[in-house]
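Chains as they are written, first to last, in our numbering: chain H, -16 to 371; chain W, 532 to 905. All residues carry an ideal CB built from backbone N, CA and C; glycine is no exception.
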Amino acid sequence: MLREFMDPGFFIGELEDITRKVVKGMETLTTLSDIDVEPTPKELVFEEDKMRLYHYLPGKKIICPVPILICYALVNRQYMMDLQSDRSLIRNLLGQGLDIYIIDWGYPDHGDRYVTLEDYIDVYLNDAVDYVRKETGHDRINLLGVCQGGTFVTIYTALYPEKILNLITMVAPIDFHTTDGLLNVWSQYLDVDKMVDAMGIIPGEFLNVAFLMLKPFQLMVDKYVGLMDNLDDPATVANFVRMEKWIFDSPAQAGEAYRKFIKDLYQENKLVKGELEIGGRRVNLKNITVPLLNIYATEDHLVPPASTIPLNDLVGSEDKTLYSFPGGHIGIYVSSKSQKELAPKVAEWLIERCSAQPRKKATPAKRVAKRSASRAATGTKATKSGRA
Amino acid sequence: METGSTPWLEIWKRWPEMQADAFRNWVKGWSQIADWGKKGEKVAMEALPEDLYNQWISYMKDLMEKFPPPLEGLGPETFLKMFSSADIYMQLFAWWMNLFQRFQDVVSGEETMGPEVYEKLFQEWSRGYEEIIKKIFAVAFPQSWQWIAEIYSGEIPRMEAEAVMRFWEPWWEFSQSMLKRWQKGERMTPEQVAGISEEWKRAYERSVGRMLRVPAMGYYREAVEKFDRLLDSLMEFNLVVVDFYASLGSAGDVAIKKLQERLAEMQTSGEGEQLKSFRDLYRLWWQTNEDVYVETFRTEEFSRLLGQLVEKGMEFRSSLQTFIEEIAKDLPFPNRSEMNHLYKTIHELKREVRRQKKELEKLLARQESGEGVG
Chain H
-16 MLREFMDPGF
-6 FIGELEDITR
4 KVVKGMETLT
14 TLSDIDVEPT
24 PKELVFEEDK
34 MRLYHYLPGK
44 KIICPVPILI
54 CYALVNRQYM
64 MDLQSDRSLI
74 RNLLGQGLDI
84 YIIDWGYPDH
94 GDRYVTLEDY
104 IDVYLNDAVD
114 YVRKETGHDR
124 INLLGVCQGG
134 TFVTIYTALY
144 PEKILNLITM
154 VAPIDFHTTD
164 GLLNVWSQYL
174 DVDKMVDAMG
184 IIPGEFLNVA
194 FLMLKPFQLM
204 VDKYVGLMDN
214 LDDPATVANF
224 VRMEKWIFDS
234 PAQAGEAYRK
244 FIKDLYQENK
254 LVKGELEIGG
264 RRVNLKNITV
274 PLLNIYATED
284 HLVPPASTIP
294 LNDLVGSEDK
304 TLYSFPGGHI
314 GIYVSSKSQK
324 ELAPKVAEWL
334 IERCSAQPRK
344 KATPAKRVAK
354 RSASRAATGT
364 KATKSGRA
Chain W
532 METGSTPWLE
542 IWKRWPEMQA
552 DAFRNWVKGW
562 SQIADWGKKG
572 EKVAMEALPE
582 DLYNQWISYM
592 KDLMEKFPPP
602 LEGLGPETFL
612 KMFSSADIYM
622 QLFAWWMNLF
632 QRFQDVVSGE
642 ETMGPEVYEK
652 LFQEWSRGYE
662 EIIKKIFAVA
672 FPQSWQWIAE
682 IYSGEIPRME
692 AEAVMRFWEP
702 WWEFSQSMLK
712 RWQKGERMTP
722 EQVAGISEEW
732 KRAYERSVGR
742 MLRVPAMGYY
752 REAVEKFDRL
762 LDSLMEFNLV
772 VVDFYASLGS
782 AGDVAIKKLQ
792 ERLAEMQTSG
802 EGEQLKSFRD
812 LYRLWWQTNE
822 DVYVETFRTE
832 EFSRLLGQLV
842 EKGMEFRSSL
852 QTFIEEIAKD
862 LPFPNRSEMN
872 HLYKTIHELK
882 REVRRQKKEL
892 EKLLARQESG
902 EGVG
């Protein structure tokens, strides 16, 4: 077969096919208008420094009245969960009857170099939680953390257990001393002090290089070669560009927060050891006694399962579920399997544990109407986008 | 002082004899050259003109001594000084010729050059130079100032020569090593590139690196020192970059070998996975590469190298920032350090305001609920 293959005539047809696709692809790319992300409507309800809190306009029916606050990672943007209408975990969860708030961390600049991990957890996250609690009238709300945001919500719940009803973590790094992930291995040799001292804030591009190096040929070569096969399909190309936008839309990292995250967690694994301190308070994972849904992706190359799974053994909760999703770190949000299986699973798990919380104040729809009336009175407009 | 016609009369009497002496010297010089030629002896480049010239000088001195001084200040003394200067000139000439001859011997392969040879050469150079300088100063300076001649003719040039040697020696060793590699016809594998980089680094550390780390002095001390630091950090960063890319290149070599093995296996066995299209070959190529690279990336060695790359990159960035701030300090806008100071102040103020605001809210809440606030 190899000899046949080496015959030039063998792949002339293949070459012709590729050429046709490339020509057609040029037409597609040149006629492609600017792509749109975050299609699900939402309102800006609270902001503090660069952090913004959004409330998604609720679906027709709210099954779980206790709101859920989604905390995304500082790395990349939260709209991965709402990339496009047919691949939106958010839209899916709204459709399942959840009332959703989401934090947008914004784009840190040099003015944010002294923002600490304490600021993110004790101030911004805590204030967002308090805002949701106050606006909805629920003393305890549901918290969902994604990736690094999962680490944040875990730490937060250990520090403020009285404010949380249910905890959900998705592909969250907890045990940083696994050698399954390259980021875990490399970080042991990283002089983070020199990085922060030299750069102040860590550019998103710097992190992107590291992420690309995790799968260099797949992410830098094959991904684009694979696109050639579908260049004649405008919808596929638009989806590809949306994903490309998300990948390279990378905020910088606030220097001091990054320093502590790398040193205390990646290098010294203090969260698992029970040695992590936030604002002078020791983070004891045994303080987490609320129901826990811990979701990991079997093929995750950024946060390997070995980093995520140990959480269930570290918390003090009796009601804890470990959910294995067959896919990678990104596929968990955007794959069709995720839309079909993961979103319903999260909603189902939450709804089962939602009934205990009595409703005290206005329904989500009434809250939206109230805000709308307030805006009409003051002459302000609703903000849909998370971009500054 | 004698005046009148008597001296000139004497000269005229001696003139035939003087002519004969000149002719004899001329014949003697050329006979010597002819003898060298007949015997096939090598004519020392520095010996021939010096001997001839010295003979001529000696002859002229003798000749001039036979003249009585016709006028005050002009006579044998004047000629003696003039010939002393000519002697210095000739010694300088001989000394340069000697140096030149040694280099020629190296180029023609008659002598093996190396740091030891150069050191010896420079020592000889220094000694010869000492003699020449002494002669110059001896003529120019009074006896009480002769120590100047001692210093500037001996110790200082010797120290300079040694400093030059210390600076030059590492690069000589590096060039010899490169020459050997080239003579062996070695293929430049990534490991060898890394090895070369390591040798280069050693040479740099022993020469330029040391110089750049010398504390600067004077009015531009700060700027110069920061610039030196910048150059030094750039060099160090570049060295790690070479190692880093060598490591990537090495992984690429392994991947290509693996790919070739797999292709050969497919061709010979005809079993297992087979290529049916160019896309199949491409897939095999990138997947083989991916496996090898990820395996490399997982090693402690690579992780350490990556850490060094970041570390040296950051050092370079810091020194660049420091240098830019130094040279731009008089420009009418704040630099990064000044802004950082401001950011820090604002951040601390924000934190303080937030803390006080929360405290105030608590107090107000207690007041509203009727609890005491005192």
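query: Is K349/H helix, strand or coil when you go by DSSP?; result: helix
query: G209/H lies in the alpha helix (DSSP H); which residues open and close that run?; result: K206 to M211
query: What does a CB cutoff of less than 6 angstroms around P144/H pick up in its chain, not counting 5 residues either side in sequence?; result: N270
query: So what's S300/H in DSSP terms, helix, strand or just coil?; result: coil
query: Whose Cβ in chain H lies nearer than 8 angstroms to the Cβ of R885/W?; result: V106
query: Would you kindly report the start and end of the unbroken alpha helix (DSSP H) that includes G128/H?; result: It is not in any alpha helix (DSSP H) - G128/H instead sits in the beta strand (DSSP E) that spans I124 to V129.
query: Do three or more CB pairs link the segment 94 to 103 of chain H to the segment 59 to 70 of chain H at distances below 8 angstroms?; result: no
query: Which residues share a DSSP beta bridge with K243/H?; result: The partner list for K243/H (beta bridge, DSSP) is empty, contrary to what the question assumes.
query: Is the Cβ of S808/W closer than 8 angstroms to any Cβ of chain H?; result: yes
query: Which whole-angstrom value is the C-beta distance of A754/W and P701/W, which I expect to be below 8 angstroms?; result: Contact flag wrong, Cβ pair sits at about 28 angstroms.
query: DSSP three-state call for L66/H: helix, strand or coil?; result: strand
query: When you check each C-beta in the segment 249 to 264 of chain H against every C-beta of chain W, which residues fall closer than 7 angstroms?; result: none
query: With contact counted as at least three CB pairs below 8 angstroms, one residue from each stretch, are the segment 186 to 203 of chain H and the segment 813 to 828 of chain W in contact?; result: yes
query: Nearest to A111/H by CA position, among Q131/H, W88/H and G133/H, is which residue?; result: W88/H
query: Mind pulling the chain H residues with CB within less than 7 angstroms of N769/W?; result: Going along chain H, no residue has its Cβ under 7 angstroms from N769/W, so there is no contact; the nearest lies around 17 angstroms.
query: If you run the structure through DSSP and keep just helix, strand and coil, what is M845/W?; result: helix
query: Please confirm if Q236/H has its CB atom under 8 angstroms from at least one CB of chain W.; result: no
query: According to DSSP, simplified to helix, strand and coil, what is E260/H?; result: strand
query: Tell me where the alpha helix (DSSP H) around N222/H begins and ends.; result: P217 to F231
query: Which chain W residues are close to E(-3)/H, counting only those with a beta carbon under 9 angstroms from its beta carbon?; result: S808, F809 and R810
query: Suppose you measure from the CA of W332/H to the CA of S321/H; what does that come to, to the nearest Å?; result: 15 angstroms
query: With DSSP as the reference, identify every bridge partner of Y39/H, one or two as the case may be.; result: K25/H
query: Which class does T281/H belong to by DSSP, given the choice of helix, strand or coil?; result: coil
query: Which one or two residues does DSSP pair with M34/H in a beta bridge?; result: E31/H
query: Note down the Cα distance separating W703/W from R225/H, rounded to an integer number of angstroms.; result: 57 angstroms
query: Would you mind sorting D69/H into buried or exposed? The rule is 16 or more other CB atoms within 10 Å of its CB.; result: exposed
query: Suppose the cutoff is 7 angstroms on Cβ atoms and the five residues either side in sequence are ignored; what does the same chain contact list for D774/W look like?; result: A725, S728 and L836
query: Show which residues of chain H have a CB atom less than 9 angstroms away from the CB atom of M709/W.; result: Going along chain H, no residue has its Cβ under 9 angstroms from M709/W, so there is no contact; the nearest lies around 31 angstroms.
query: Would you decide whether T281/H is buried or exposed? Buried here means 16 or more other CB atoms lie within 10 Å of its CB.; result: exposed
query: Taking P50/H as part of the beta strand (DSSP E), name the residues at either end of that continuous run.; result: C47 to C54
query: Taking the alpha-carbon of R3/H as reference, which of P22/H, A193/H and M211/H has the nearest alpha-carbon?; result: M211/H
query: From F159/H, G238/H, N213/H and L72/H, pick the residue whose C-alpha is nearest to that of L294/H; which is it?; result: F159/H
query: Going by beta-carbon coordinates alone, are L173/H and V841/W separated by less than 8 angstroms?; result: yes
query: Using the three-state DSSP reduction, which class does Q236/H fall into: helix, strand or coil?; result: strand
query: Go ahead and pull the three-state DSSP assignment for S778/W.; result: helix
query: Does DSSP put S16/H in a helix, in a strand, or in coil?; result: coil
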